[in-house]
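Numbering (UniProt numbering), first residue to last: 1 to 273.
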Amino acid sequence: MISVETLKQRSRNKMGNVQTIVKESVWKMIEQAYKDGIFVQISSGHRTYEEQAHLYGQGRPDYYWNGKRYGHSGNIVTYAKPGKSNHHSGRAVDFFLVSSDGKKALWTVNQDWRHVAGIAKSLGFQWGGDWSSFKDYAHLEWPEKSQDVRDLQTKLQILGYEPGPIDGIFGPRTKQAVEAFQHMEGLEVDGSAGPLTTNRLNARTYPGYPIHFGAKGSVVQRIQGAVGTKDDGHFGPLTEAAVCAFQQQHRLEVDGVVGPNTWRKMFGNQHPS
């Protein structure tokens, strides 16, 4: 039987210069699948623009890029042109299964394949098999950091859920927090921050939520900008004192807490996002 170290070595040769978090998560995926009797390898990782052009050209015989013909016969395997793939940034890998002796590649998307995809998703990857249009069953990618995710995490944290670090990455802990929120709100529990979940989250956090000493995140940074303190995202003593001064200046209840009246005075009817 092929060893897990051989699977990892083969994968290392194919991945190239992917991000550290991606590489570490791939090792965990391979190891977990191996314990479950499934043998996984990585077929692709970091790609140059030229490599992506060659891949995009498959199934598009007349495709040219930068004056050079990259088109060739075969089945279309990607819709990402050079410069549009997450493989360029080292955030994406492609995987496949092999036989127990490691001699045969297995490309059938079966129960074992989906089990590996589930392991990857539990580690924080997004799976191309979940895409609604072109499904790329071999594709895994690490979520890009975004301000939208930071705001989501901040709101969940304010409501008492535990999304993990406010880092802009929609990882497993953030998904679990979303699921907990959905369960409490009677929404479909799918772990996805879609329009219904986002609207309900906005309704629960605006305009009446109190933002006070100990809070963290981008919303606190906005408050700090309004009251003129260091915008480090931590609602500490200096921010509390500045909020009190703001409330006194505007004839509001002076309690150092940013409730609905203080928020409206600072930002009008803008949502905290």
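The beta-carbon is built from N, C-alpha and C at its ideal position, and this holds for glycine as well.
Only a predicted model underlies this, so the values are computations on that prediction, with no experimental measurement involved.
Is the beta carbon of K14 closer than 9 Å to that of residue 288? Given a span of 1 to 273 for the chain in the structure shown, any question on residue 288 remains unanswerable.
Determine contact between the stretch 128-148 and the stretch 105-118, defined as no fewer than three beta-carbon pairs at a distance below 8 Å. yes
Considering only their Cβ atoms, is the gap separating F96 from Q41 smaller than 9 Å? In this structure, Q41 places its C-beta atom within 9 Å of the C-beta atom of F96.
Which ranges does the beta strand (DSSP E) cover as unbroken runs of at least 3 residues, wholly within the stretch 124-211, from first to last along the chain? 139-141, all fully within the stretch 124-211.
For T262, which three-state DSSP category applies? Taken through DSSP and simplified to helix, strand or coil, T262 comes out as helix.
Go ahead and label D167 buried or exposed: buried means 16 or more other beta carbons lie within 10 angstroms of its beta carbon, across all protein chains shown. exposed
Beta-carbon separation of G256 and E240 under 9 Å? It is a contact, given that the beta carbons lie within the stated cut-off.
Return helix, strand or coil for F267, following the three-state DSSP convention. helix
Buried versus exposed call for Q249 [16 or more other C-beta atoms within 10 Å across all chains shown]: exposed
Report yes or no: do the stretch 61-73 and the stretch 96-109 share at least 3 C-beta pairs separated by less than 8 Å? no
Runs of beta strand (DSSP E) lying entirely within the stretch 9-59, each at least 3 residues, in chain order: 39-44
For V149, tell me which candidate among G233, E51, V178 and S89 has the shortest Cα-Cα distance. Measuring from the Cα of V149, the nearest candidate turns out to be V178.
Can you tell me where the alpha helix (DSSP H) holding A242 begins and where it ends? P237 to Q249
Candidates V254, K103, Q153 and L159: closest to K175 by CA position: Q153
Nearest neighbour of H54, chosen from G83, G37, L159 and E31 [CA to CA]: G83
Could you spell out where the alpha helix (DSSP H) holding V220 opens and where it closes? S218 to V227
Check D232 in the structure and name its three-state DSSP category. Reduced to three states, the DSSP call for D232 is coil.
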